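Here's the structure we're looking at; comments come further down.
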Amino acid sequence: MIPEVGHYALVLAMVLALAQGTLPLAGAAKGDPGLMELGRTAALAQAALTLLSFLALTWAYVVSDFSLLNVVANSHSSKPLLYKITGVWGNHEGSMLLWVLILALFGAAVAAFGANLPTTLRARVLAVQGLIGLGFHAFILFTSNPFDRLDPAPFDGNDLNPILQDPGLAFHPPLLYLGYVGLSVSFSFAVAALIEGRVDAAWARWVRPWTLAAWCFLTLGIALGSWWAYYELGWGGFWFWDPVENASLMPWLLATALLHSAIVTEKRDALKSWTVLLAILAFSLALLGTFLVRSGVLTSVHAFAQDPARGLYILGFIVLVAGGGLTLYAWRAPKLAGGGLFAPISREGGLIFNNLLLAVLTVVVFLGTLYPLLLDALGGDKVSVGPPFYAATFIPLSFPLLAAVVFGPLLAWKRGDILGASRQLAAVGAVAIAVGVLISFVAQRHVTLAAIGCGLSAWLILGAIYELARRIKLFEIPVGDSLRRLVGLPRASIGMTIAHASLGICTAGIIGVSVWQVETIALLKPGDTLRHAGFEVSMETPREIDGPNFVAERGRITFKRDGQVAAVLEPERRIFKTTRRQTTEAAIKTTLLADIYATLGESDGKGGWTVRLYHNPLAPWIWLGAAFCALGGFVSLTDRRLRVGAPLRARRPAAQPAE
Amino acid sequence: MTLGVVLSAAKDLAVGRPHASGHNTARSFAALRMTLILLLLALLAAPAFAVEPDEVLADKALELRARAISAEIRCVVCQNQSIDDSNAEIARDMRRAIRDRLTKGDSDAAVVAFLRARYGDYVLLRPPFDPRTWLLWLGGPLLLLLAARLLYRGAKRRAAQVKAPPVDLSAAERRRLDALLRDDEAGRR
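Chains A and B are the protein sequences, given in the same order. Using the numbering used here, the letters of the first sequence map in sequence onto residues 255 to 913. Using the numbering used here, the letters of the second sequence map in sequence onto residues 696 to 884.
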């Protein structure tokens with residue numbers, strides 16, 4: 255019964271999405287306030303119904319209703335409750351339902367918090383959201399229905415892919431989708447603005463918080479996915495340039511560009527048509543990401559849904575959304591006259607440099623991800639594009655971008671003084687160069703990369719601190735006054751400092767692992783000792799462990815340095831009862847400066863076990879940096895000027911006549 | 696991960712996709728599942744790790760070279776993994792072949808050439824630079840140059856605009872301005 259309620263709610267939601275996608279558009283064109291208002295009601299109702307549908311599916315998972323095909327395929331009665339719930343989106347159908355739920359919730363948020371938007375703009379934004387929602391509702395109902403029944407119901411389910419039964423991966427998809435789908439709001443604003451033929455500072459101010467929120471979630475989602483790969487896949491890597499990872503990196507790069515260009519549009523009324531284009535492209539790439547993962551067109555670790563009908567549907571949908579958006583852009587954008595003039599060396603110029611390099615990096619990742627497919631489709635030649643390609647292209651192209659980050663905030667709007675900025679940054683630059691030179695003597699491999707990377711890292715962190723210190727006039731005025739200035743700084747400016755410094759933290763982590771990782775692969779017998787990264791390592795005989803839905807072998811590995819115990823790690827090798835699939839559970843002990851990492855392999859049958867040990871200097875900084883990056887975004891989001899309803903609240907106190 | 700693919704495909708089969716129909720589906724599921732589980736247990740004998748201790752060469756320098764080469768070679772049956780990261784049987788064989796060649800005194804380039812001759816360009820994770828891949832390698836830098844050129848010309852044009860003396864008003868504009876000024880003065884009085 256409950257699944258039928260969910261199913262029915264989903265169908266109703268689709269019909270509402272159709273109404274939301276069409277009637278307000280007509281209303282805005284004819285100036286009919288009733289039809290325009292309908293968009294808000296439809297958006298709220300559509301979100302409520304989609305939520306109901308999602309809860310119905312979750313209910314079926316929680317009570318293990320094996321009369322639902324989807325539950326049978328992806329759940330098992332012995333699975334822990336957490337993974338019963340996260341199993342809802344651990345499969346194709348359920349994850350698409352989560353996608354459309356988040357989309358509907360964003361639409362409802364625009365309806366609820368967009369009271370200060372001009373009526374026609376709001377109606378059009380909601381209509382575009384409705385049309386996107388319609389596409390996904392139809393996709394779910396016609397090709398990927400999670401409510402399909404099975405008769406007779408089997409006794410138990412087939413269980414969720416064990417590598418997905420992990421807290422990291424449980425929350426990776428929702429965060430990533432909040433990011434992907436959040437970009438749909440920027441897209442809707444862009445399309446609505448093109449229909450209206452008007453992009454101004456107010457428009458940019460409305461778009462910025464939505465883009466920023468989406469970007470924060472996308473940052474967290476990507477970081478969580480990378481962290482999961484690091485500890486779950488068991489070989490100590492954190493980024494594999496896998497097409498599916500790239501699929502999330504591309505929208506992130508463009509969303510980052512969009513964040514920055516929207517500032518120029520808001521503050522200086524310039525770069526309007528470029529900002530609109532970025533909004534369209536960023537969401538198109540988010541859709542492309544969904545397509546790449548969901549269609550199975552790229553066979554990779556993540557592609558666990560493989561069905562050409564679905565792939566073709568999403569591909570058609572991308573063509574419609576991206577093609578429609580770009581056609582509208584080509585038609586209407588020439589009318590968006592650019593505003594304020596500025597010299598090449600200026601804050602605007604710096605932000606254009608940022609956008610230029612981010613766009614180039616996106617193109618590099620785009621080519622690397624899709625080139626093998628295109629070449630294969632066109633000529634039958636097969637090439638592979640892997641990490642060495644990105645190391646030779648993406649990494650060097652990112653250096654000038656990272657170097658420019660520190661200059662940007664020191665340049666004035668309209669006309670900046672690069673010499674003055676350089677003079678101010680001389681001390682920071684000298685320290686950064688010194689760090690680079692020092693590192694070039696210490697590093698034993700990848701010397702150039704290590705020197706440039708560490709130098710950049712110091713440059714970014716110190717540069718951000720210097721910029722903040724300058725803003726609050728630290729040591730120029732009494733410290734108390736400086737602190738008062740710090741408290742009084744706009745939150746957006748504090749957020750920027752945190753995010754820019756976080757790039758340095760993240761860079762240091764990546765370089766640390768790439769350059770100084772120590773790996774030991776050995777056959778270890780209980781009682782024997784081996785040397786690894788300055789530790790004496792020994793192991794007790796692994797024990798058999800009985801988990802809720804798996805059995806495991808758990809080792810106990812002791813790391814000693816100079817006779818002192820530095821870490822005791824308990825890595826596991828699990829075999830899941832239902833699927834008979836194996837996973838490695840790495841054990842990690844982290845000091846903030848390094849990770850001690852161990853995985854347990856098979857026994858050789860003669861009393862020894864294969865172990866893989868890693869010493870990963872600075873590894874925690876990668877995710878610490880990413881977390882700070884998102885934190886910077888969230889801090890900016892609390893800025894009064896960016897708060898969605900802020901201008902409204904400021905105006906409210908004055909009594910207003912009824913509308 | 697190859698194993699994973701086989702398994703997930705098998706799982707889909709065992710469950711039956713939405714189109715699977717008929718009254719005896721359930722019974723055939725059970726039979727199919729049993730067979731699959733037996734098959735999977737057989738498959739599980741594959742090693743769980745990529746590089747195994749027995750492969751590692753005693754000569755540290757040679758082993759480092761072998762690892763560096765393996766990181767650039769794609770495992771031909773895997774999804775986007777290098778043979779250094781893969782636990783597939785063929786990846787293991789390829790790693791052994793690399794170490795064999797290196798111990799016999801081959802240069803790194805010779806080893807890569809050997810693998811390329813046997814498995815084709817497909818195994819190179821760093822795609823070769825030739826007419827087929829010009830766009831792949833140069834697309835990003837080309838875009839950078841093109842955009843930089845556009846921006847440079849735009850900046851020059853803007854600079855020229857700023858420097859150019861303001862154009863005189865046309866006769867019609869002059870009349871309109873006079874009229875406005877008159878109105879303004881009239882209004883003030």
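Yeah, the Cβ is synthetic: ideal placement off N, Cα and C, and Gly gets one too. If you're wondering where the values come from, they're calculated on a predicted model, not measured in any experiment.
Reduced DSSP secondary structure (H/G/I, E/B, other) of residue i
i: Asn870 of chain A; result: strand
i: Asp879 of chain B; result: helix
i: Arg785 of chain A; result: strand
i: His718 of chain B; result: Here His718 of chain B scores only 38 on pLDDT, less than 50, and its place in the model is too uncertain to base an answer on.
i: Trp877 of chain A; result: helix
i: Arg827 of chain A; result: strand
i: Ala559 of chain A; result: At Ala559 of chain A the pLDDT is 43, less than 50, meaning the model places this residue with poor confidence; the figure from the coordinates comes in the next sentence. Here Ala559 of chain A sits in coil by DSSP.
i: Thr581 of chain A; result: helix
i: Lys636 of chain A; result: coil
i: Val771 of chain B; result: coil
i: Thr892 of chain A; result: coil
i: Thr832 of chain A; result: coil
i: Leu739 of chain B; result: Any reading at Leu739 of chain B must be qualified, since the residue scores a pLDDT of 45, below 50, and its modelled position is unreliable; the value itself is stated next. Looking at Leu739 of chain B - three-state DSSP - the assignment turns out to be coil, as it is neither helix nor strand.
i: Ile775 of chain A; result: strand
i: Lys333 of chain A; result: coil
i: Ile778 of chain B; result: coil
i: Asp402 of chain A; result: coil
i: Leu375 of chain A; result: helix
i: Ser752 of chain B; result: Sequence check: residue 752 of chain B is Leu here, not Ser. Correct three-state label for Leu752 of chain B: coil.
i: Val746 of chain B; result: coil
Same chain only: Cβ atoms within 8 Å of residue i, ignoring 5 sequence neighbours per side
i: Trp353 of chain A; result: Phe390, Tyr431, Tyr434, Val435 and Thr544
i: Glu520 of chain A; result: Ala455, Ala458, Arg459 and Arg462
i: Val326 of chain A; result: Phe320, Leu404, Ala407, Pro408, Gly411 and Asn412
i: Val614 of chain A; result: Leu651
i: Lys338 of chain A; result: Tyr315, Val316, Ser318 and Ser329
Supposed close pair residue i, residue j - CB separation, criterion 8 Å
i: Ala271 of chain A; j: Gln300 of chain A; result: 6 Å
i: Leu710 of chain A; j: Thr761 of chain A; result: 6 Å
i: Ile943 of chain A; j: Val805 of chain A; result: Any answer about residue 943 of chain A is impossible in this case: the structure gives chain A only from 255 up to 913.
i: Ala536 of chain A; j: Leu508 of chain A; result: 4 Å
i: Gly260 of chain A; j: Leu311 of chain A; result: 6 Å
i: Leu351 of chain A; j: Ile394 of chain A; result: 6 Å
i: Ile768 of chain B; j: Val818 of chain B; result: 5 Å
Beta-carbon gap between residue i and residue j smaller than 7 Å
i: Val619 of chain A; j: Met504 of chain A; result: yes
i: Ile680 of chain B; j: Cys770 of chain B; result: Look at the range of chain B in this structure, 696 to 884, and you will see that residue 680 of chain B is not part of it.
i: Asp630 of chain A; j: Arg827 of chain B; result: no
i: Ser331 of chain A; j: Ser318 of chain A; result: yes
i: Glu794 of chain A; j: Pro780 of chain A; result: yes
i: Gly717 of chain A; j: Ala705 of chain A; result: no
i: Cys883 of chain A; j: Ser756 of chain A; result: yes
i: Leu679 of chain A; j: Gly834 of chain B; result: no
i: Val639 of chain A; j: Pro748 of chain B; result: no
i: Asn609 of chain A; j: Ser538 of chain A; result: no
i: Phe471 of chain A; j: Ser480 of chain A; result: no
i: His700 of chain A; j: Val772 of chain A; result: no
i: Pro642 of chain A; j: Leu820 of chain B; result: yes
Selection from the options that minimises the alpha carbon distance to residue i
i: Asn345 of chain A; options: A:Leu404, A:Leu418 and A:Trp482; result: A:Leu418
i: Gly801 of chain A; options: A:Ile775, A:Glu839 and A:Pro780; result: A:Glu839
i: Ala467 of chain A; options: A:Leu740, A:Ser438 and A:Trp481; result: A:Ser438
i: Ala666 of chain A; options: A:Leu539, A:Phe653, A:Val518 and A:Leu615; result: A:Val518
i: Arg962 of chain A; options: A:Arg866, A:Glu450, A:Leu703 and A:Ser652; result: The structure shown has nothing for residue 962 of chain A, since chain A only spans 255 to 913.
i: Ile386 of chain A; options: A:Ile850, A:Gly579 and A:Asn609; result: A:Gly579
i: Gly670 of chain A; options: A:Ala645, A:Tyr337 and A:Ala597; result: A:Ala597
i: Arg815 of chain A; options: A:Glu824, A:His786, A:Lys831 and A:Ala563; result: A:His786
i: Gly749 of chain A; options: A:Phe443, A:Lys860, A:Leu891 and A:Leu532; result: A:Leu891
Own chain partners of residue i with C-beta closer than 7 Å, once the 5 adjacent residues on each side are dropped
i: Arg712 of chain B; result: Residue confidence is low: Arg712 of chain B scores 31 on pLDDT, short of 50, so the model does not pin down where it sits. Its coordinate-derived value is still stated next. The answer is none, since no qualifying residue turns up.
i: Leu740 of chain A; result: Ile726
i: Pro334 of chain A; result: Pro802
i: Leu757 of chain B; result: Leu797 and Thr798
6 Å CB neighbourhood of residue i in its chain, flanking five on each side removed
i: Gly488 of chain A; result: Thr838, Ala840 and Thr853
i: Trp770 of chain A; result: Pro871
i: Ile775 of chain A; result: Arg866
i: Leu590 of chain A; result: Val453, Lys526 and Ser527
i: Ala297 of chain A; result: Gln274, Gly361, Ala362, Ala365 and Leu380
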